[in-house]
Every structure is written in structure tokens, then in C-alpha cells.
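Engineer: Can you keep this structure in mind? I'll have questions shortly.
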Amino acid sequence: MIKNKVETLLVDATTGSIISVGQKVKKGETVGHTPEGSAVVSPISGTLLACQFDADKHLLCLFIEEE
1 MIKNKVETLL VDATTGSIIS VGQKVKKGET VGHTPEGSAV VSPISGTLLA CQFDADKHLL
61 CLFIEEE
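Structure follows, in C-alpha cells:
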């Protein structure tokens with residue numbers, strides 16, 4: 001059950017996420033990259049709940065639950 005705020009982040013599906021489901025992440029930590037190559041950083045500290053592929057945009061949607 002989700003009790004806290006969940007942040008959704010989009011990262012490039014080709015390069016993928018650099019964290020795994022269930023892994024803890026700290027605010028400011030790099031979790032992946034944009035299609036242009038820029039780092040995507042987590043705006044919150046928490047746990048990666050899920051990772052889903054968006055085929056239309058060729059992106060991975062990362063769902064991080066705040067601690």
C-alpha cells in the first residue's frame with residue numbers, strides 16, 4: 001500500500017534506469033538520463049516502487065515513493 005507521495009520520473013529507455021525496483025535512492029541522486037543525455041536526478045529520497053515502459057515515447061517511467 002502506498003502511504004507517501006510518489007514522484008514519477010521519465011528516463012530514456014535506450015540507456016535505461018541505473019537503479020532497480022526496491023532500491024533506495026537519495027535526493028539528488030542520478031537515476032537515469034534523458035534522450036539528449038542529461039542526467040535525471042531524484043527530487044526526493046525514497047524507494048523505487050516500479051518501472052514501466054512507455055512505448056509511445058520510448059521512455060521508462062520510474063515511480064519513487066518518498067520516505
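FYI, the numbering for the sequence shown is 1 to 67, going by the working numbering. From the three backbone atoms N, C-alpha and C, an ideal C-beta is built for every residue, glycine too.
How close, in whole Å, do the beta carbons of valine 75 and threonine 34 come, if the pair is a contact with beta carbons under 8 Å?
Structural biologist: Residue coverage of the chain in this structure runs from 1 to 67, which leaves residue 75 outside it and unanswerable.
Engineer: Less than 8 Å separating the beta-carbons of glutamate 65 and valine 21?
Structural biologist: no
Engineer: Can you tell me where the beta strand (DSSP E) holding glutamine 52 begins and where it ends?
Structural biologist: 46-54
Engineer: In the DSSP output, what is threonine 34 paired with across the bridge?
Structural biologist: In DSSP, threonine 34 forms no bridge with anything.
Engineer: When the Cα atoms are used, what is the spatial distance from valine 31 to alanine 55?
Structural biologist: 19 Å
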